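Novice: Residue 49 in the working numbering sits at position 48 of the sequence shown; the count goes up by one each step and never skips. Note that the Cβ used here is the ideal one computed from N, Cα and C, for glycine as well. Note that this is a predicted model, so its numbers are computed, not measured.
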Amino acid sequence: MGYAQALNVYKETKVKTASQGALIVMLYEEAIKHMDAAAALVAEDLKKDPSKIEKANTHILKAQEIVTELAASLNMDEGGEIAKNLMSLYTFFLAQLSAANFEKKPEKILAVRGLMNELLSAWNQIASSASAAENRGQIPSGINIAG
C-alpha cells in the first residue's frame, strides 16, 4: 500500500469514526482552508496569470459547498434560535462568497473566513466538552448537537 493510499484510508477512517461535533469542526476547518487559498490567489494580480482565476473559483466553490452542507445539516425543529441564527449566517456567507467570486475581492472572502474562524472556535469547545463528558460516561454517545 502506497503512502497516498494509506493517507486516504486514514482520512476516511477518521471521518467515519468522528463524532457529530468533530465532523462539524472538520467541515469548518476545510472551508477555512479553501477560503485562505482562494483569498491568496485573488489577492495576486490575476491579469498576470489568468489560470489562477480558475483555481480561485474552485476554492470558493468548494467553500460554498461546505457551507451549504453545514446549512443542510441544521436541525431547524430542535435547534431553535441557534439553528435559525446559524442559517442566517450561512446564507450571508454564501452570498458574500458568491460576490467575492464574481468580483474577485479577497476582502469579502477574508470577512467570511474571520466569522467562520470564530464559529470554529465555538464548535471546537462544544466538540471537546461533549467528547470529554462522553468519555466520563456523563452523556450517551450519539449526542445530538443542533446546528
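Considering only residues of the same chain and omitting the five flanking positions on each side of I61, which have a CB-CB separation below 6 Å?
Specialist: Taken in chain order, the residues that qualify are A39, L98, N102.
Novice: If you follow the alpha helix (DSSP H) that S89 is part of, which residue opens it and which one closes it?
Specialist: Start and end: 77-104.
Novice: Can you say whether G115 is buried or exposed, counting buried as having 16 or more other CB atoms within 10 angstroms of its CB?
Specialist: Exposed.
Novice: Might you give, ordered along the chain, the residues of its own chain that have their beta carbon closer than 7 Å to the beta carbon of K53, omitting 5 neighbours on each side?
Specialist: Around K53: L42, E45, L47.
Novice: For K105 versus A72, is the C-beta distance shorter than 9 Å?
Specialist: No, they are not a contact pair.
Novice: Mind checking whether T59 and L95 have CB atoms under 9 Å apart?
Specialist: No, these two residues do not count as a Cβ contact at 9 Å.
Novice: Since E108 and I67 are thought to touch, with beta carbons under 8 Å apart, how far apart are those beta carbons, to the nearest angstrom?
Specialist: 20 Å between Cβ atoms; not a contact.
Novice: V26 and A128 look like a contact to me (Cβ under 8 Å); what is the Cβ gap, rounded to whole Å?
Specialist: Yes, they are in contact, since the Cβ atoms of V26 and A128 sit about 5 Å apart, within 8 Å.
Novice: Assuming L90 and A84 are in contact, meaning their beta carbons sit under 8 Å apart, how far apart are those beta carbons, in whole angstroms?
Specialist: With a Cβ gap of about 11 Å, L90 and A84 do not count as contacting.
Novice: Under the rule that 16 or more other beta-carbon atoms within 10 Å means buried, what is S142, buried or exposed?
Specialist: Low confidence applies here, because S142 scores a pLDDT of 48, under 50, leaving its location unreliable and the question unanswered by this model.
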